[in-house]
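So in my numbering, spot 61 of the first sequence is number 60, and the numbers just go up one at a time.
Using N, Cα and C, we set each Cβ at its ideal position, and we do this for glycine too.
All values reported here derive from a predicted model rather than from experimental measurement.
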Amino acid sequence: MFWKRKITTVTDPARIDAFLDRGIENVYPNKEFVRAKMLRGERLSMFLGIDPTGPTLHLGHVIPIKKLQEFQQLGHQAILLIGDFTGMIGDPTDKSATRKKLTREQVLSNASLYKQQAAKFLDFTGPNKALIKYNNDWLGKMNFAEVLELASLMTVDQMLKRDMFQKRIEEGNPIYIHEFLYPLLQGYDSVAMNVDGEVGGNDQTFNMLAGRDLVKAINKKEKFVIASKLLVDSTGKKMGKTEGNMVSLNQTADQMFGSVLSWSDGLIIPGLEICTNISLDEIRVIENKMKEGMNPRDAKVLLAKEIVGMYHGKEAADKAEQNFIKTFKEGALPEDVQTVAVAKGEKLVDILVKEKLVESKSDFRRLIEGNAVSVIGGDVITSPDYSIDGPVKIKVGKRRFISIEVR
RNA sequence: GCGCAGAUGGCGGAGUGGUCAAUCGCAACAGACUGUAAAUCUGUCGCCCUAUGGGCUACGUAGGUUCAAAUCCUACUCUGCGCACCA
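Right, dumping it as structure tokens:
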């Protein structure tokens, strides 16, 4: 009854190779190192660290999460690490300015939301359940002497190798000590959990390798690091929260569908490879078809449906497509539009400001002047004093809608 | 510690007494166009109003000079740089 059930790992070379190849940018020390371990049937542990900086996960997080999922499905120990301690400092990666520090409350509330969202991929129950850990459990308890000891393992020059820091120095921007310490803290996670490996986005390589160095020094073992590809467009621009066109997991099916369709065409193939489960062979076929003149929009629709389907189900994905066509091709009202009930005679301006469809009355006025506000199925509204005398559906710009009813 | 330089709108960055709600670029938003929410072109881009005009708030913070300050003065805060110090 109480003996540990032995969990067997998958040693199928094809699946192992797929795990190590698809959507992967780099493996340290090298692919063969990990491959050999897996082929031998060794049961490994690997974690993905996420700093809970916002309430939602986005597609960029999902790429490594999917890798972790694959890892779990191969019978290994997956660990999701919530950086509730590091999240309060802020990773200087990719930020030209110091990130705003988050409060403990914010971090904790974000963290609990993350677990729910990650549960779409990771199995947190059952015999081979994924573990969830919080780095405040060890980082929050370190005393200064321990920090110093840790800091003695790395040199300033090593830290300065980061492009990020170089850039800031060149631009004359400050680097604070706590930011400098960040890779060290994140690296210590690997030591504390004594894991075999870590997965993360390619932008995390530096931090993950810092962990590798620390594990080598303290735990005397070789931690492997798997860096997944980033979702970047042809110009090398990263998709992210700051870029504004990132799909976040709390979006409705319709919003998500629209976000994907707004991606540039260059992202279609990389997106298929790293964000979906469509087989690589099929992706090749699509790629070739596009070269032969297939409308890239159709490929993008396929990608969008696939992505939406992963979170909202296939049915919702089909519906989102229909909705999109109706709304943007035919100018109709989307289905899940917000509705408000107002008193007869109320001014449209006040309603839109109150419902936050426009920023201010001045904003509304400008939109009116630009012919951006219209009654759906009717005319463009040209009077800023337009008031409500019956139920109407209003469109502001291309994608702001509201259905107004009279109380 | 001493000295020098700087702090401007979401970001970058002009402006150094009135014509500044502040050139310009990016981002954003809208219109046209488009297979698309891409690209391109055009416009808008602090708030409010009884609106080709008027008011209010804003150029690190707090005071001051002046009819008038983002612009001058003083103090403070923060940042960068140089010098000094360096167990």
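- Around the beta carbon of Ala35, fewer than 16 other beta carbons lie within 10 angstroms, which makes this residue exposed.
- Pro390 sits close to Val405, with the two beta carbons spaced by under 8 angstroms.
- Here His60 carries a helix assignment [DSSP, helix/strand/coil].
- Per DSSP, the beta-bridge partners of Gly196 are Met45 and Phe223.
- For Val374, the closest C-alpha among the options Leu347, Asp156, Glu358 and Asp362 is that of Leu347.
- Taking one beta carbon from each stretch, the region 342-357 and the region 304-324 have fewer than 3 pairs nearer than 8 angstroms; the two do not touch.
- When DSSP assignments are scanned along the region 282-348, the uninterrupted stretches of beta strand (DSSP E) that are 3 or more residues long and fall wholly within it turn out to be 338-341.
- When secondary structure is reduced to three states using DSSP, Arg399 falls in the strand class.
- Here the region 39-53 lies against the region 178-192, with 3 or more beta-carbon pairs under 8 angstroms apart.
- About 6 angstroms separates the beta carbons of Glu272 and Ile282, which is inside the 8 angstroms limit, making them a contact pair.
- Annotated as distal: Val372 and Val336, with beta-carbon spacing of 8 angstroms or more.
- Judged by beta-carbon spacing, Ile306 lies within the 8 angstroms limit of Thr275, meaning their Cβ atoms are closer than that value.
- When the Cα atoms are used, Tyr113 and Ile380 turn out to be separated by approximately 43 angstroms.
- As computed with DSSP, Ser373 is found in a beta bridge with Val379 and Lys394.
- Glu31 counts as exposed, since fewer than 16 other beta carbons sit within 10 angstroms of its beta carbon.
- Ranked by Cα distance from Ser263, the first of Phe120, Ala298 and Asp280 is Ala298.
- Proximity to Val224 across Ile277, Gln250, Gln203 and Leu230 peaks at Gln203, based on C-alpha coordinates.
- Between the region 15-26 and the region 148-157 there are fewer than three inter-stretch CB-CB distances shorter than 8 angstroms, so the stretches are not counted as touching.
- Taking the Cα of Gln254 as reference, the smallest distance to any Cα among Leu208, Val284, Gln321 and His75 is reached at Gln321.
- Put simply, of Gly22, Asn29 and Leu56 the residue whose alpha carbon is nearest the alpha carbon of Ser247 is Leu56.
- Per DSSP, the beta-bridge partners of Ile78 are Phe46 and Leu130.
- The Cβ-Cβ distance between Leu121 and Leu67 falls below 8 angstroms.
- With contacts defined as CB atoms closer than 8 angstroms, Asn135 and Asp83 qualify as a contacting pair.
- Membership of Tyr113 in the alpha helix (DSSP H) is indicated by the continuous run Arg103 to Ala117.
- For Val26, the pairing in a beta bridge is given by DSSP as Ile225.
- Counting the other Cβ atoms within 10 Å of the Cβ of Leu366 gives 16 or more, which makes it buried.
- Taking all protein chains shown into account, Ser361 has fewer than 16 neighbouring C-beta atoms within 10 Å of its C-beta and is therefore exposed.
- Per the C-alpha coordinates, the member of Lys343, Tyr385, Arg42 and Gly53 positioned closest to Phe363 is Tyr385.
- Within the DSSP secondary-structure output, Glu404 pairs in a beta bridge with Ala340.
- For Ser359, the secondary structure class from DSSP, reduced to helix, strand or coil, is coil.
- Contact annotation: Thr8 and Arg42 have beta-carbon atoms nearer than 8 angstroms.
- The three-state reading of DSSP puts Ser386 in strand, counting E and B together.
- Partner residues in the beta bridge of Ser247, as assigned by DSSP, are His57.
- With distances taken between CA atoms, Lys5 lies nearest to Gly40 out of Pro12, Phe256, Gly40 and Ser258.
- Per DSSP, the unbroken alpha helix (DSSP H) holding Ala209 starts and ends at Thr204 to Leu213.
- Here the alpha carbons of Arg399 and Lys222 stand approximately 49 angstroms from one another.
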